[in-house]
Amino acid sequence: MCYYTDQQSSKKALESRFKAKGKFAEEQLVKGKVSGFTQAALPLITQGKPEEIQLIPWGLIPAWADEDQAKDFPSKTLNARTETVFEKPTFEPSILRQRCLVLVDGFFEWQHLGKEKTEWEISLVSEGPFALGGIYAIWTNPKTQMKQASFSILTTPANELMEEIHNTKKRMPLIIPLEKEADWVHGMPLEDLKGYFKPYSSEKMKARKVFRAQDQLRLF
Numbered sequence: 025m026c027y028y029t030d031q032q033s034s035k036k037a038l039e040s041r042f043k044a045k046g047k048f049a050e051e052q053l054v055k056g057k058v059s060g061f062t063q064a065a066l067p068l069i070t071q072g073k074p075e076e077i078q079l080i081p082w083g084l085i086p087a088w089a090d091e092d093q094a095k096d097f098p099s100k101t102l103n104a105r106t107e108t109v110f111e112k113p114t115f116e117p118s119i120l121r122q123r124c125l126v127l128v129d130g131f132f133e134w135q136h137l138g139k140e141k142t143e144w145e146i147s148l149v150s151e152g153p154f155a156l157g158g159i160y161a162i163w164t165n166p167k168t169q170m171k172q173a174s175f176s177i178l179t180t181p182a183n184e185l186m187e188e189i190h191n192t193k194k195r196m197p198l199i200i201p202l203e204k205e206a207d208w209v210h211g212m213p214l215e216d217l218k219g220y221f222k223p224y225s226s227e228k229m230k231a232r233k234v235f236r237a238q239d240q241l242r243l244f
């Protein structure tokens with residue numbers, strides 16, 4: 025699963041890395057550890073506007089949702105499994121026509137050993153921001169007619185590294201390789217799309233334990 029991301033890069037750094045223009049002010053970027061359950065807006069590059077970086081809330085609301093459903097969906101659609109994304113009416117329209125790159129500097133996951141739970145921050149060996157594969161939807165409020173975009177992060181089975189860390193669910197976010205980022209937000213045959221649905225290489229990833237203040241105090 026992927027419910028928490030690490031956001032550190034500036035607008036300028038994102039624009040330089042992803043060769044796209046940010047349509048927001050620097051102070052609008054949420055920095056640090058971000059929880060999907062807050063419906064925070066993260067920087068995305070969408071299939072509809074691949075030349076732009078947009079800030080879009082996390083937690084997908086499908087276009088067909090009514091007003092009551094729109095309130096409940098976000099907390100339930102932070103992730104979408106690649107194995108079933110074509111079968112779910114919530115996600116199927118988006119995976120075909122509304123894919124996105126979710127720009128992050130890392131993500132967080134928890135390892136369970138007995139009764140102990142250890143938090144890990146995972147990023148890439150290459151360092152700097154990278155892209156998670158996502159899907160988005162645009163919902164229209166029936167009362168105001170205002171359009172609202174939202175997104176979900178795709179997940180795959182865990183690779184060797186993530187099997188050790190996320191050792192209960194054994195899942196990980198879909199990481200899009202740099203050389204395939206542009207293709208992800210453009211049209212492609214269905215079989216080519218399915219070729220993306222595989223775990224990223226463990227050798228290209230790194231992880232560090234996250235120590236809390238109370239953990240440090242136990243050392244003395």
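Residue 123 in my numbering sits at position 99 of the sequence shown, with consecutive numbering throughout. Cβ coordinates follow ideal geometry from the N, Cα and C atoms, glycine included.
Backbone CA spacing between residue i and residue j [nearest angstrom]
i      : j      : result
GLN240 : GLU215 : Any reading at GLN240 must be qualified, since the residue scores a pLDDT of 48, below 50, and its modelled position is unreliable; the value itself is stated next. Straight-line Cα distance between these residues: approximately 49 Å.
LYS57  : LYS36  : 20 Å
TYR224 : THR168 : 42 Å
MET162 : PRO74  : With the sequence shown as reference, residue 162 is identified as Ile, and Met is not the correct amino acid for it. C-alpha separation (whole angstroms): 16 Å.
CYS124 : MET186 : 23 Å
GLU205 : GLU227 : 19 Å
VAL149 : LYS230 : 6 Å
THR106 : LEU120 : 12 Å
GLU151 : PHE115 : 31 Å
ILE80  : LYS139 : 36 Å
LYS100 : SER59  : 13 Å
GLN172 : GLY83  : 11 Å
GLN93  : GLY72  : 25 Å
ARG252 : MET212 : Because the chain spans 25 through 244 in this model, residue 252 falls outside it and cannot be assessed.
LYS218 : VAL109 : 10 Å
PHE48  : GLN122 : 21 Å
GLU203 : PHE235 : 34 Å
LYS222 : THR192 : 19 Å
ASP207 : ASP96  : 32 Å
Beta-carbon proximity of residue i to residue j, cut-off 7 Å
i      : j      : result
LYS55  : GLN31  : yes
THR29  : ASN103 : no
SER174 : ILE69  : no
GLY255 : SER147 : Outside the shown range of the chain (25 to 244) lies residue 255, about which nothing can therefore be said.
GLU143 : TRP134 : yes
PRO197 : LEU156 : yes
ILE189 : CYS26  : no
PRO181 : GLU91  : no
Residue interval of the alpha helix (DSSP H) (run including residue i)
i      : result
LEU84  : First-last for LEU84: undefined, no H or E at that position.
ALA37  : 35-42
LEU66  : Taken as a continuous stretch (DSSP letters only), LEU66 belongs to no alpha helix (DSSP H), being part of the beta strand (DSSP E) at 65-70.
GLU205 : 205-208
LYS218 : 214-218
Rounded Cβ spacing between residue i and residue j (contact assumed at less than 8 Å)
i      : j      : result
PRO153 : LEU127 : 5 Å
LYS39  : LYS45  : For the record, residue 39 in the displayed sequence is Glu; it is not Lys. That belief holds up - the Cβ atoms of GLU39 and LYS45 are roughly 6 Å apart, short of 8 Å.
PRO98  : GLN63  : 5 Å
Unbroken beta strand (DSSP E) run spanning residue i, endpoints
i      : result
PRO117 : It is not in any beta strand (DSSP E) - PRO117 instead sits in the alpha helix (DSSP H) that spans 116-121.
ASP30  : 28-31
MET186 : Segment 184-189 is the alpha helix (DSSP H) holding MET186; no beta strand (DSSP E) there.
LEU178 : 171-181
GLU50  : Neither: GLU50 is in no beta strand (DSSP E) and is coded neither H nor E.
GLU145 : 140-148
Cβ-heavy atom distance, residue i to the ligand ATP, below 6 Å
i      : result
ASN103 : By its list of ligands, the structure shown contains no ligand whatsoever, and the ligand ATP lies outside what it can speak to.
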